[in-house]
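So the protein sequences, as listed, match chains A and B.
Each residue of the first sequence is one higher than the one before, starting from -17 at the first, in the numbering used here.
Each residue of the second sequence is one higher than the one before, starting from -17 at the first, in the numbering used here.
Here's the structure, in structure tokens; my notes come after.
Protein chains: 2
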Amino acid sequence: MPRSTRKPAATPPAEKFRRSRRDRAAETAQDYVEAIADLSAALGEARVVDLARRLGVTHVTVNRTLARLKKIGFVNTLPYRAIFLTDAGRTLAAECKLRHETVTAFLRSLGVPEKVAELDAEGIEHHVSPETLVAFEKKLKRR
Amino acid sequence: MPRSTRKPAATPPAEKFRRSRRDRAAETAQDYVEAIADLSAALGEARVVDLARRLGVTHVTVNRTLARLKKIGFVNTLPYRAIFLTDAGRTLAAECKLRHETVTAFLRSLGVPEKVAELDAEGIEHHVSPETLVAFEKKLKRR
DNA sequence: CAAAAAATGTAGCTATAGTTACAAATTAAA
DNA sequence: TTTAATTTGTAACTATAGCTACATTTTTTG
């Protein structure tokens, strides 16, 4: 088809894709701080090996990601020492945990099997806006 | 804390993180085939510039991603020509479109504003398992 | 306390996805 | 039909996130 014959492209819904992509960078950070918070609560401290096991990656990947998180200001690390969250990291972890639990509970309330709800929530939670989260919460209360 | 004193790490929930990550590779593919299908329907053909506009990236990124999709067998391309979906690509696009619409409709049914539902769906849809999708559909019917 | 084991760190590779800058081809217009 | 505009392609860079292989440090154990 000759280009001149074509209708002009519709208004591009590019923004939503941009957001979706932008989110990706933050997802890893969220998974990490949440894991660090959990491990700290459960074991008293979070270590590279534990994180690696939990996240299903090698300790090398954990190491490099921690370097990034440190740069962004979410964690404090010292060579060969345990990993600690900064205040910002703790705040983020708490937010994530709450959201994660809400999403999981909501899915379960729809009849989604426990295990599947857990799996899906892990992916979904990162894309749930505050508005949608509130909608989930409302729905959960009204039962 | 000495390492020996620590409780052994709990059973690692690594699988869900692995899946969440694995999904990422497929997300882009899905966004692209969906966009190509839409543009083909609306304009008669999908072109690099249109895709770039729609997805909010440069034409260079589109180009490289198309090369990957071609290798995987979702699209056919010829230099300086429009982009076409293979049968596999069309099938994937149809699946994605259906799922996207279900997710969007479901969010709207919860009272999430149209615009937000659109935005959230774009991220969420990629993480909705068949089971959860069925749960969404059921909920939609029962109103 | 010395040796072995475990944990952590570093070097260097891959893949994906984004970018700008520039080149080549196609389409549209003068 | 030649020129200008648009589109497409390529080169070369960045960032994130995964990996294996190997080095170093710390911890445990004999």
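Every residue gets a Cβ at the ideal spot worked out from N, C-alpha and C, and that includes glycine.
Computed from a predicted model, the values in this text were never measured in an experiment.
- The shortest CA-to-CA distance from residue 72(A) to any of 19(A), 8(A) and 39(A) is the one to 19(A).
- Scanning 105(B), 106(B) and 64(B) for the CA closest to the CA of residue 22(B) turns up 64(B).
- Your pair residue 58(A) and residue 68(A) checks out as a contact, with CB atoms roughly 6 Å apart and the cut at 8 Å.
- Here the segment 81 to 88 of chain B does not lie against the segment 75 to 87 of chain A, with fewer than 3 beta-carbon pairs under 8 Å apart.
- In summary, no residue of the segment 67 to 79 of chain B has a CB separated from any CB of chain A by less than 7 Å.
- Bounds of the alpha helix (DSSP H) holding residue 80(A) are 69 to 91.
- In this structure, the CA atom of residue 66(A) is about 23 Å from the CA atom of residue 108(A).
- Within the same chain, 82, 85, 86 and 89 come within 7 Å of residue 103(B) by CB-CB distance, once the 5 residues on both sides are set aside.
- A Cβ-Cβ contact shorter than 8 Å links residue 92(B) with residue 121(A).
- Judged by their CB atoms, residue 111(A) and residue 98(B) are nearer to each other than the 8 Å cut-off.
- Excluding its 5 nearest sequence neighbours in each direction, residue 13(A) has C-beta neighbours in its own chain below 7 Å: 37, listed in chain order.
- Secondary structure at residue 66(B): strand, using DSSP grouped into helix, strand and coil.
- Contact with chain A is absent for residue 83(B), since none of that chain's Cβ atoms lies less than 8 Å from the residue's Cβ.
- For residue 35(A), a Cβ of chain B is located within less than 8 Å of the residue's own Cβ.
- Here residue 15(B) carries a helix assignment [DSSP, helix/strand/coil].
- Restricting attention to 48(A), 8(A), 106(A) and 17(A), the CA atom closest to the CA of residue 62(A) is found in 48(A).
- Secondary structure at residue 57(B): strand, using DSSP grouped into helix, strand and coil.
- Rounded to whole angstroms, the gap between the alpha carbons of residue 34(B) and residue 10(B) is 13 Å.
- Annotated as distal: residue 94(B) and residue 40(A), with beta-carbon spacing of 8 Å or more.
- Residue contact with chain B for residue 123(A): absent (no Cβ-Cβ distance below 8 Å to any residue of chain B).
- At the C-beta level, residue 31(A) and residue 45(A) stay beyond 8 Å of one another.
- Contact annotation: residue 100(A) and residue -2(B) have beta-carbon atoms nearer than 8 Å.
- Within the DSSP secondary-structure output, residue 28(B) pairs in a beta bridge with 65(B).
- Contact annotation, residue 106(B) with residue 106(A): C-beta distance approximately 5 Å; criterion of less than 8 Å satisfied.
- In the DSSP assignment, residue 95(B) falls outside any alpha helix (DSSP H) and carries neither an H nor an E.
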